[in-house]
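Q: Residue numbers (the numbering used here), protein chains in the order written: chain Y, 251 to 541; chain A, 128 to 182.
(1) Using a Cβ cut-off of 8 Å (strictly closer), state whether residue 500 (chain Y) contacts chain A.
(2) Return the residues of the stretch 129 to 151 of chain A that lie within a Cβ-Cβ distance of less than 8 Å from chain Y, sorted by chain order.
(3) Only counting runs of 4 or more residues, tell me where the alpha helix (DSSP H) segments fall wholly within the stretch 295 to 350 of chain Y, in order along the chain.
(4) For residue 506 (chain Y), return the contacting residues in chain A, with the cut-off set at a CB-CB distance below 8 Å.
(5) Express the C-alpha separation of residue 161 (chain A) and residue 441 (chain Y) in angstroms, rounding to a whole number.
(6) Can you tell me which residues form a DSSP beta bridge with residue 283 (chain Y)?
(7) Is residue 424 (chain Y) close to the ligand NAP? I mean its beta-carbon at under 7 Å from any heavy atom of the ligand.
(8) How big is the Cα-Cα spacing for residue 466 (chain Y) and residue 168 (chain A)?
(9) On the DSSP bridge list, what partners appear for residue 500 (chain Y)?
(10) Do residue 324 (chain Y) and residue 372 (chain Y) come within 8 Å of each other at the CB atom, strictly closer than that value?
(11) Going along chain A, which residues have a C-beta under 7 Å from residue 517 (chain Y)?
(12) So, helix, strand or coil for residue 523 (chain Y), using DSSP?
(13) Quick one: which residues of the stretch 340 to 370 of chain Y get their C-beta closer than 8 Å to a C-beta of chain A? List them in chain order.
(14) Under 8 Å between C-beta atoms, does residue 459 (chain Y) make it to chain A?
(15) Taking one C-beta from the stretch 414 to 425 of chain Y and one from the stretch 468 to 478 of chain Y each time, how about it: are there three or more such pairs within less than 8 Å?
(16) What is the rounded straight-line gap between the Cα of residue 355 (chain Y) and the Cα of residue 492 (chain Y)?
(17) So, does the CB of residue 277 (chain Y) fall closer than 8 Å to a CB anywhere in chain A?
(18) Give me the chain A residues within the contact set of residue 503 (chain Y), using Cβ-Cβ distance strictly less than 9 Å, ordered along the chain.
(19) Using only CA atoms, which one of Y:273, Y:534, Y:397 lies nearest to residue 369 (chain Y)?
(20) Report yes or no: do the stretch 521 to 534 of chain Y and the stretch 138 to 153 of chain A share at least 3 C-beta pairs separated by less than 8 Å?
(21) DSSP three-state call for residue 416 (chain Y): helix, strand or coil?
(22) Going by C-alpha to C-alpha distance, which of Y:296, Y:377, Y:436, Y:297 sits closest to residue 490 (chain Y)?
(23) Find the nearest neighbour of residue 405 (chain Y) within the set Y:293, Y:510, Y:276, Y:515, judged by alpha-carbon distance.
(24) Alpha carbon to alpha carbon, how far is residue 461 (chain Y) from residue 517 (chain Y)? Give it in angstroms, no decimals.
(25) With respect to the beta strand (DSSP E) encompassing residue 459 (chain Y), which residues constitute its N-terminal and C-terminal limits?
(26) Taking C-alpha atoms, which residue in Y:300, Y:364, Y:345 lies nearest to residue 317 (chain Y)?
(27) Can you check whether the C-beta of residue 530 (chain Y) is within less than 8 Å of a C-beta belonging to chain A?
(28) Please check the pair residue 503 (chain Y) and residue 539 (chain Y), which I expect to be a contact at CB under 8 Å, by giving their CB distance rounded to whole angstroms.
(29) I want to verify the contact list: residues of chain A whose CB lies under 8 Å from the CB of residue 284 (chain Y), in sequence order.
(30) How many Å lie between residue 129 (chain A) and residue 174 (chain A) at the Cα?
(31) Say whether chain A places a C-beta atom closer than 8 Å to the C-beta of residue 536 (chain Y).
(32) Quick check: what's the CA-CA separation for residue 339 (chain Y) versus residue 170 (chain A)?
(33) Hey, out of Y:335, Y:488, Y:271, whose CA is closest to residue 393 (chain Y)'s CA?
(34) Strictly below 9 Å CB to CB, what residues from chain A border residue 321 (chain Y)?
(35) Let me check understanding here. Comparing Cα to Cα, which of Y:431, Y:287, Y:464, Y:301 lies closest to residue 444 (chain Y)?
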């Protein structure tokens, strides 16, 4: 508009896809440093369907009073192309209204994996038909989520709840102090363990390199968070001290080829512990963001 | 990580059912070729780089 060469072209809406909404959350400094994201919950306020509209719907589609609500994380790549990742989906009833909770932990986990400076967290909310194809039900057209509270009160606005644990208290402590003996009170740490391959009978004449290696192990206990947790997760056990990062170990072995031994390199994955962490037993392993 | 576990992982990676029987005499004179040693060192270095890079 500031160029003489440029002429504005007016457009008009021919169609509107009213059932897709984009929520934008500014996330910088929302997650405390040295903290672990435990759960992120998106709360949307489902507005009640007007009675007249509900009666009309029941007359036209007596068997379907539900719509599918899908939450996707939207990532705008550097080349401006979009990519969506499904994070939660559930059916909602036309007869219900009030706050609906969606698990968007995965979306925030993906967002955390972006390189800085990070874009805001973009969540795409889509309201679709429960079933595709005839007989078509218009239930999805009646589901409305509040976007702003009445008269700017903030009531009913979409909310993002972030539940975090302070790793200073609930995390591991890095490498163990070799001067301090291990007790039941030792906080989760990585301890040196040397594996001597030369001392193993089966490795004789077979394993040529290395003669041994530092494998490390995770020892100690993890502080448990206060009960009850602000959410319920099925099969969630206590926090345990486990290897969260590992490295492979290359080995040279002698293999017989044509009756003669020949050295060969083989890489064994997950042989050396790089990092120990406190993790929930039974918690889902976060997906890695793929390029 | 026990010796048995390491043995099991080696066999699995090499698609073997048991540890090959090798005579000490054959292996004693065995010299690791330079290209095999270079491959081994490269894998070692890659493994250590991954370590310094962190998560």
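Each residue gets a CB set at the ideal place from its N, CA and C atoms; glycine is no exception.
A: For this structure:
(1) Yes, its Cβ sits closer than 8 Å to a Cβ of chain A.
(2) So the list reads 130, 133, 134, 136, 137, 140, 141, 146, 147, 149, 150, 151, given in the order they occur along the chain.
(3) The stretch 295 to 350 of chain Y contains these whole alpha helix (DSSP H) runs: 301 to 310.
(4) Here the neighbours are 147, 149.
(5) A straight-line Cα-Cα distance of about 35 Å links residue 441 (chain Y) and residue 161 (chain A).
(6) Partner(s): none; residue 283 (chain Y) has no beta bridge.
(7) Absence of the ligand NAP from the depicted structure is noted, as is the absence of any ligand whatsoever, leaving it without description.
(8) Answer to the nearest angstrom: the Cα atoms are 21 Å apart.
(9) Looking at the DSSP output, residue 500 (chain Y) bridges to Y:517.
(10) Closer than 8 Å, so yes.
(11) Residues of chain A passing the Cβ test: 170.
(12) Judged by DSSP in its simplified three-state form, residue 523 (chain Y) adopts strand.
(13) From the stretch 340 to 370 of chain Y, no residue has a Cβ closer than 8 Å to chain A.
(14) Chain A, which has a Cβ nearer than 8 Å to the Cβ of residue 459 (chain Y), makes this yes.
(15) For the pair of segments examined, the stretch 414 to 425 of chain Y was found to touch the stretch 468 to 478 of chain Y: the number of CB pairs separated by less than 8 Å reaches three.
(16) Roughly 21 Å separates the two Cα atoms.
(17) Contact with chain A is absent for residue 277 (chain Y), since none of that chain's Cβ atoms lies less than 8 Å from the residue's Cβ.
(18) Within 9 Å Cβ-Cβ: 137, 141, 147.
(19) Comparing Cα positions, the closest option is Y:273.
(20) Cβ pair count under 8 Å is below three, so no.
(21) Looking at residue 416 (chain Y) - three-state DSSP - the assignment turns out to be strand.
(22) Of the residues Y:296, Y:377, Y:436, Y:297, the one whose Cα lies closest to the Cα of residue 490 (chain Y) is Y:436.
(23) The option with the nearest alpha carbon to residue 405 (chain Y) is Y:293.
(24) Our two residues, residue 517 (chain Y) and residue 461 (chain Y), have alpha carbons roughly 15 Å apart in a direct line.
(25) Where residue 459 (chain Y) is concerned, the enclosing beta strand (DSSP E) stretches over 457 to 459.
(26) For the options Y:300, Y:364, Y:345, the alpha carbon positioned closest to that of residue 317 (chain Y) is the one of Y:345.
(27) Residue-level contact by beta carbon fails for residue 530 (chain Y) and chain A, as no gap is shorter than 8 Å.
(28) The Cβ separation is near 36 Å, so there is no contact.
(29) Neighbours of residue 284 (chain Y) across chain A, judged by C-beta separation under 8 Å, do not exist; the nearest C-beta is about 13 Å away.
(30) Cα atoms of residue 129 (chain A) and residue 174 (chain A): separation of roughly 21 Å, rounded to the nearest angstrom.
(31) By this cut-off, residue 536 (chain Y) is not an interface position.
(32) So the alpha carbons of these two residues sit roughly 43 Å apart.
(33) Y:271 is the residue among Y:335, Y:488, Y:271 whose C-alpha sits nearest the C-alpha of residue 393 (chain Y).
(34) The premise fails here: residue 321 (chain Y) is roughly 27 Å from chain A at the closest Cβ pair, so nothing lies under 9 Å.
(35) Of the candidates Y:431, Y:287, Y:464, Y:301, the one whose C-alpha sits nearest the C-alpha of residue 444 (chain Y) is Y:464.
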